[in-house]
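> Below are the structure tokens for one structure; questions will follow.
Structural data, given as structure tokens:
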């Protein structure tokens, strides 16, 4: 089980890793490199260390399960660290790195949004940040700008505990999608001539 607390070393059973996916390459990375790859999926350093430290994973489902468990058990400070890497919904994400490209793809529902909808999201983001003191996080994949604005407005009525639970859930969805992309990229790298 992946945990964020420091535990004494224990013997793990060997898991054969012959998935045919990029998981083989991910499992074989040095710890620092695995953590670096994981940080593109979730910017919590303790999360990345815990997930990297629990390798090898027998399949993608095991990796996704471990990642979700670590997020569910994470301190709120670790969640906030992860949130700091996320752009506001509606912001234009620059950069050529993997994380920026993923953010642009995830927020593609904003591409066709009318200016008044964009303005409403800017105002909604400001209200949300004033209320909760962190960026509004939503798994934007497959959602239109109008759907994201509706969710933002609805969540403004949450109390802090309820909103933290929603944020963890949304973060877990984003991390799951990004981990899947990461492993698929690892597979492409492996097939492309590693």
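In the UniProt record's numbering, the protein residues as written are 1 to 194. Glycine residues also receive a C-beta, built at the ideal position from the N, C-alpha and C atoms. For clarity, every value in this text was computed on a predicted model and none was experimentally measured.
1) Between the Cα of residue 120 and those of 141, 135 and 149, spot the shortest distance and give me the residue it belongs to.
2) Taking its Cβ as the centre, do 16 or more other Cβ atoms sit within 10 Å of residue 90, making it buried, or is it exposed?
3) Would you kindly work out how many angstroms separate the C-alpha atoms of residue 153 and residue 179, rounded to a whole number?
4) Distance check for residue 76 and residue 134, CA to CA, integer angstroms please.
5) Cβ atoms of residue 67 and residue 176: under 8 Å apart, would you say?
6) Can you tell me where the alpha helix (DSSP H) holding residue 135 begins and where it ends?
7) Could you tell me which of 65, 162, 147 and 87 sits nearest to residue 173, measuring between CA atoms?
8) Hey, quick one: how far does the alpha helix (DSSP H) through residue 78 stretch, first residue to last?
9) Buried or exposed: where does residue 44 fall if 16 or more other Cβ atoms within 10 Å of its Cβ makes it buried?
10) Can you tell me which of 168, 114 and 127 puts its alpha carbon nearest to the alpha carbon of residue 146?
Result, derived from the coordinates:
1) Looking up residue 120 in the chain shown gives position 120. Out of 141, 135 and 149, 149 has the C-alpha closest to the C-alpha of residue 120.
2) Sequence index remark: in the chain shown, residue 90 carries index 90 (1-based). It counts as buried.
3) What you label residue 153 is simply residue 153 of the chain shown in a count that begins at 1. What you label residue 179 is simply residue 179 of the chain shown in a count that begins at 1. Their Cα atoms are separated by approximately 29 Å.
4) Stepping through the chain shown from its first residue, residue 134 is reached at position 134. Stepping through the chain shown from its first residue, residue 76 is reached at position 76. Taking the straight line from one Cα to the other gives about 12 Å.
5) In the chain shown, residue 176 corresponds to position 176, counting from 1. In the chain shown, residue 67 corresponds to position 67, counting from 1. A contact, by the Cβ cut-off of 8 Å.
6) Walking along the chain shown from the start, residue 135 turns up at place 135. It is not in any alpha helix (DSSP H) - residue 135 carries neither H nor E in the DSSP assignment.
7) The residue labelled residue 173 in the question sits at position 173 within the chain shown. Ranking 65, 162, 147 and 87 by Cα distance to residue 173 puts 65 first.
8) Sequence index remark: in the chain shown, residue 78 carries index 78 (1-based). Start and end: 76-83.
9) As a first step, residue 44 is located in the chain shown; it is residue number 44 there, counting from the start. Answer is buried; the Cβ neighbour count reaches 16.
10) For the purposes of this step, residue 146 is taken as the residue at position 146 of the chain shown. Minimum Cα distance to residue 146 is reached at 114.
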